[in-house]
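Visitor: Numbering (our numbering), first residue to last: 2 to 626. Even glycine gets a Cβ: it sits at the ideal position worked out from N, Cα and C.
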């Protein structure tokens with residue numbers, strides 16, 4: 002017998018079960034065929050109808066075997082191959098006749114042990130009708146092929162008397178599993194271990210260090226102002242920079258130091274064995290050395306980067322992986338707070354303040370996504386106390402309904418870069434509200450909106466504002482942008498260009514906190530400015546402080562000479578208001594008239610059209626000594 006399906010005396014002698022093809026229905030059909038063929042009576046000659054039916058099944062069966070994408074075999078009880086389907090040629094490189102009589106287990110790969118052979122050999126003759134397994138099988142030429150095997154025991158069926166084995170190529174599945182496993186523990190961009198992998202390795206090192214009485218360190222490395230790279234050059238360039246940074250870090254540390262891309266622009270390094278303070282300094286110097294040379298960003302351009310670093314040590318700074326990593330990150334925040342491009346060792350005394358800043362930063366990110374920032378409005382009044390404008394001031398509405406004022410989060414927002422998105426959110430909402438007031442027929446007063454120095458430095462600021470104006474439907478002539486002196490002086494030529502473009506859009510320009518920065522009227526005369534806001538520090542001493550009164554009067558006179566209007570901010574009492582009225586200040590803003598209020602409250606004030614002050618008897622002007 003040559004091991005191939007043969008027919009004798011009108012009965013099928015050999016067949017196969019367990020065939021698997023590319024179509025799930027094909028598998029079931031083949032199994033049914035084997036059952037039907039194998040159950041044909043062997044003790045009596047078949048009738049004509051039965052023979053015709055058997056021939057049809059046999060033809061169909063042969064077609065399935067010959068065109069199956071899987072390898073189909075029949076094995077003897079000793080594991081020798083009696084029959085192979087033609088797919089052995091395409092999948093394994095063997096012709097079917099080359100494998101007949103070969104020990105099936107001799108074809109299995111190096112991952113198949115002697116113990117496994119014994120187990121599967123016993124399974125071949127076991128009572129169980131089927132079993133499945135995964136292993137590798139040798140090709141005639143080339144690498145081993147990963148397969149999924151399914152065996153069906155037909156030893157007791159006299160017409161088959163063997164074990165049907167099917168082998169399915171699972172190369173793609175294996176590669177997909179390997180990729181999934183890789184991405185579970187490695188960062189796909191830099192190919193460095195990821196956060197989960199690093200945390201796991203820190204835990205392992207804690208066990209080793211505890212057993213051997215060792216000290217080890219964890220360093221958090223954060224790129225300084227990396228968001229600017231993405232903003233200026235795009236995220237694709239940013240990704241290339243991150244890959245270059247990871248390569249530089251690899252070259253800076255020892256082979257047994259574990260480097261991880263933790264998230265975003267943050268990397269972590271684990272130093273397994275720290276023996277001295279000098280070693281700590283050496284490690285930090287190596288980390289800093291990774292940022293000495295500029296990073297190539299393509300097109301003949303290079304970029305200098307700096308990084309801040311924080312270090313925590315086991316066992317002093319953390320008893321488990323989570324605490325140790327958290328404290329290294331806290332030390333990193335300490336370094337950034339102290340000026341960037343620096344390092345700090347974890348200090349538990351400063352932990353509380355840093356953790357609070359971290360908490361605020363994390364909460365800010367979520368609040369931005371949930372659009373929890375909104376404008377409150379503080380009125381600007383004329384000399385008679387009527388509302389002639391308003392300033393939109395950001396507030397953070399917590400999920401609980403509590404309102405957070407800017408003093409509690411603006412500094413963190415500036416340092417973390419979140420101020421850009423907060424500012425954009427407040428700008429959009431303010432424009433939408435102003436457009437709604439117009440639609441309701443309320444007075445079309447100008448609305449002032451603050452631009453932080455960071456916002457004002459954005460390359461596409463004017464385009465973004467124009468897009469917001471268009472989407473909201475607000476008349477841009479109702480908008481006034483307040484910019485601090487320092488924001489303008491950072492890059493004068495660029496500032497003038499942006500101010501002119503904002504004016505072309507129709508908006509007005511106001512210099513906020515005038516007198517506290519570096520500008521002077523000699524500088525301001527060259528800027529396209531409409532208004533100066535006299536800082537509260539000049540208003541507070543009025544009217545009793547003679548020098549403050551003279552300065553305030555001079556500011557108003559010079560501003561009017563240059564055709565600027567003047568707003569006094571921080572007016573809190575009638576005495577201040579009275580004096581400012583005598584020197585012909587144009588507009589007034591402060592708690593004397595109203596604190597910043599929610600949009601609905603301001604809407605009611607605007608609709609009422611009433612003065613916010615009682616009739617005012619103007620006091621006399623100041624007298625020279």
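Going by C-alpha to C-alpha distance, which of 113, 90, 514 sits closest to residue 533?
Guide: 514
Visitor: Helix, strand or coil: which one does DSSP assign to residue 334?
Guide: The three-state secondary structure of residue 334, taken from DSSP, is helix.
Visitor: Have a look at 541, 437, 409 and flag the residue whose alpha-carbon is nearest the alpha-carbon of residue 600.
Guide: 437
Visitor: Roughly how far, in whole angstroms, is the beta-carbon of residue 501 from the beta-carbon of residue 529, given that I think they are within contact range, below 8 Å?
Guide: Between residue 529 and residue 501 the Cβ distance is about 6 Å, and since that is below 8 Å, they are a contact.
Visitor: Would a C-beta distance cut-off of 8 Å place residue 366 and residue 419 closer than the cut-off?
Guide: yes
Visitor: Using only the alpha-carbon positions, how far apart do residue 134 and residue 75 sit?
Guide: 16 Å
Visitor: Would you list the residues sitting across from residue 84 in a DSSP beta bridge?
Guide: 75
Visitor: Less than 8 Å between the beta carbons of residue 200 and residue 119, yes or no?
Guide: Cβ distance not < 8 Å, so residue 200 and residue 119 don't count as in contact.
Visitor: If distances are taken between C-alpha atoms only, which option among 73, 350, 307 comes closest to residue 293?
Guide: 307
Visitor: Do you know how far the Cα of residue 298 is from the Cα of residue 242?
Guide: 7 Å
Visitor: What do you reckon, are the CB atoms on residue 380 and residue 431 nearer than 8 Å?
Guide: no
Visitor: Runs of 4 residues minimum, wholly inside the region 337-401: which ones carry the alpha helix (DSSP H) assignment?
Guide: 352-370
Visitor: Under a Cβ-count criterion, where at least 16 other Cβ atoms within 10 Å of its own Cβ denotes burial, should residue 191 be classed as buried or exposed?
Guide: buried
Visitor: Among 179, 171, 121, whose alpha-carbon lies nearest the alpha-carbon of residue 153?
Guide: 121
Visitor: Decide if residue 315 is buried, meaning its Cβ has at least 16 other Cβ atoms within 10 Å, or exposed.
Guide: buried
Visitor: Buried or exposed for residue 368, please, with buried defined as at least 16 other CB atoms from any protein chain shown within 10 angstroms of its CB.
Guide: Flag for residue 368 reads buried.
Visitor: Excluding five sequence neighbours on each side, which residues of the same chain lie with their C-beta closer than 6 Å to the C-beta of residue 246?
Guide: none
Visitor: Tell me the rounded alpha-carbon separation between residue 108 and residue 162.
Guide: Going by C-alpha positions, residue 108 is about 22 Å away from residue 162.
Visitor: Assuming residue 97 is part of the alpha helix (DSSP H), what are its boundary residues?
Guide: 97-100
Visitor: Using CA atoms only, rank isn't needed, just tell me which of 236, 92, 452, 98 is closest to residue 82.
Guide: 98
Visitor: Please work out which residues of its chain come closer than 8 Å, Cβ to Cβ, to residue 171, disregarding the five sequence neighbours upstream and downstream, and give them in chain order.
Guide: 135, 147, 148, 149
Visitor: Under the rule that 16 or more other beta-carbon atoms within 10 Å means buried, what is residue 551, buried or exposed?
Guide: exposed
Visitor: Taking 8 Å as the threshold, find out whether the region 441-456 comes into contact with the region 384-404 through three or more Cβ pairs.
Guide: Contact between the region 441-456 and the region 384-404 is present, because at least three Cβ pairs lie under 8 Å.
Visitor: Could you pull the DSSP bridge partners for residue 269 from this structure?
Guide: 221, 261
Visitor: Tell me, which residues are paired with residue 310 by DSSP?
Guide: 222, 344
Visitor: With 16 as the cutoff for other CB atoms within 10 Å, does residue 503 come out buried or exposed?
Guide: Classification of residue 503: buried, given that the 10 Å Cβ count is 16 or more.
Visitor: For residue 253, report the span of its alpha helix (DSSP H) as first-last.
Guide: Residue 253 -> alpha helix (DSSP H) spans 236-253.
Visitor: Using DSSP's beta-bridge definition, name the partner residues of residue 194.
Guide: 187
Visitor: Between which two residues does the alpha helix (DSSP H) containing residue 578 stretch?
Guide: 575-583
Visitor: Specify the secondary structure class of residue 113 as computed by DSSP and reduced to three states.
Guide: coil
Visitor: Can you check which of these residues, 397, 572, 462, is closest to residue 535 by C-alpha distance?
Guide: 572
Visitor: Are residue 385 and residue 583 closer than 8 Å when you measure CB to CB?
Guide: Not a contact, by the Cβ cut-off of 8 Å.
Visitor: Counting C-beta neighbours from all protein chains within 10 Å, is the total for residue 585 16 or more, i.e. buried, or is it exposed?
Guide: Exposed, by the Cβ-count rule.
Visitor: Contact between the region 201-210 and the region 261-276 is defined here as three or more beta-carbon pairs at a separation below 8 Å; is this criterion met?
Guide: As far as the Cβ criterion goes, the region 201-210 touches the region 261-276, which means the pair count is three or higher.
Visitor: Taking residue 469 as part of the alpha helix (DSSP H), name the residues at either end of that continuous run.
Guide: Element bounds for residue 469: 462-473.
Visitor: Below 6 Å CB to CB, which residues in the same chain sit around residue 477 once its five sequence neighbours on both sides are set aside?
Guide: 470, 506, 507, 508
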